[in-house]
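As structure tokens, the structure follows; a few thoughts come after it.
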Amino acid sequence: MLARRLISPRLATGLRAYSTAPLKPPYGTASPETYAEARAAAEAYVAKEGWDMDSLVEQPVVWGLQDTFQHLNNVHAFRFFETGRMQFVRSLLPELPAGSEPSLLQGKPGGVGVILASIGARYKRPVNAPDTLLVAHRVTAVSKDRFSLDHICYSFQQRAVVTTGSSEMVTYDYGALRKMDMTPEFRKALEKRMPTSA
610 MLARRLISPR LATGLRAYST APLKPPYGTA SPETYAEARA AAEAYVAKEG WDMDSLVEQP
670 VVWGLQDTFQ HLNNVHAFRF FETGRMQFVR SLLPELPAGS EPSLLQGKPG GVGVILASIG
730 ARYKRPVNAP DTLLVAHRVT AVSKDRFSLD HICYSFQQRA VVTTGSSEMV TYDYGALRKM
790 DMTPEFRKAL EKRMPTSA
């Protein structure tokens with residue numbers, strides 16, 4: 610019997626919304642027979658460790674993402690973190706004023722935008738195709754014009770965290786092309802997402 614998905618504490622707006630329906634493996638899954646169990650283990654881990662459940666993105670690792678060193682090329686972790694970071698930002702929209710999406714997700718003038726100031730990663734274990742990674746983020750600090758995120762990639766095949774890292778995002782005015790202070794609504798939305806202990 611297939612496992613059921615965890616129910617997110619907030620309505621998920623990402624690529625895979627949470628439901629109580631049986632979990633079917635995506636086409637091309639490395640091990641369809643263990644997919645539901647691996648997904649449940651990954652979600653249980655990130656929930657237990659205080660990662661933001663609305664930031665989750667599932668990322669397939671296909672053969673072409675490997676390099677000559679026979680593992681996932683390191684640069685892809687940054688791309689996966691980018692996808693997860695944007696999912697995290699997208700998940701803030703229900704808590705922000707109507708019309709926030711163009712500036713926040715598309716860099717359009719007229720509202721609060723975000724831009725990456727710095728990012729780092731630590732590769733804990735090599736990843737080989739085929740695999741699926743669960744990418745998760747959490748807020749670790751909020752200040753006047755920036756916030757910090759930690760991020761991880763959790764491997765379904767290895768049942769372990771394979772990459773960790775952190776990034777700093779600056780609130781940005783894309784009309785004026787300069788950083789800006791956070792609006793009170795944006796700051797409140799971020800602070801609500803901070804775990805009680807990170």
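If you read the sequence shown in our numbering, its first letter stands for residue 610, the second for the next number, and so on.
Glycine included, every Cβ here is placed at the ideal spot set by N, Cα and C.
Since the model is a prediction, treat every value here as computed from it, not as a measurement.
N- and C-terminal bounds of the alpha helix (DSSP H) containing residue 756: That residue, residue 756, is in no alpha helix (DSSP H); its beta strand (DSSP E) goes 755-764.
Using the C-alpha atoms, what's the distance from residue 759 back to residue 697? 12 Å
Whole-angstrom distance between residue 663 and residue 621, CA atom to CA atom: Residue confidence is low: residue 621 scores 42 on pLDDT, short of 50, so the model does not pin down where it sits. No coordinate-derived value is stated.
Reduced DSSP secondary structure (H/G/I, E/B, other) of residue 798: It is helical.
Beta-carbon proximity list for residue 791, same chain, < 6 Å, skipping 5 on both sides: So the qualifying residues of the chain are 780.
What are the start and end residues of the beta strand (DSSP E) that includes residue 698? From DSSP, residue 698 is part of no beta strand (DSSP E) but of the alpha helix (DSSP H) over 684-701.
First and last residue of the uninterrupted alpha helix (DSSP H) at residue 767: Careful: residue 767 lies outside any alpha helix (DSSP H) and carries neither H nor E.
In this structure, how does DSSP classify residue 741 when only helix, strand and coil are distinguished? Correct three-state label for residue 741: strand.
Suppose you measure from the CA of residue 716 to the CA of residue 794; what does that come to, to the nearest Å? 18 Å
Quick one: residues in its chain with C-beta nearer than 7 Å to the C-beta of residue 701, no 5 flanking neighbours on either side, listed in chain order? 798
If contacts are defined as beta-carbon pairs under 8 Å, then residue 802 and residue 661 qualify, I think. What distance do you get, rounded to the angstrom? The beta-carbon separation of residue 802 and residue 661, rounded to 6 Å, stays under the 8 Å limit for a contact.
Per-residue DSSP class, three states only, for residue 669: strand
Among 641, 643, 777 and 711, which residue has its Cα nearest to the Cα of residue 754? 777
How big is the Cα-Cα spacing for residue 619 and residue 656? Residue confidence for residue 619 is low, a pLDDT of 44 falling below 50, so the modelled location carries little weight; the figure read from the coordinates is stated next. Taking the straight line from one Cα to the other gives about 13 Å.
Cα-Cα separation between residue 804 and residue 692, rounded to whole angstroms: 21 Å
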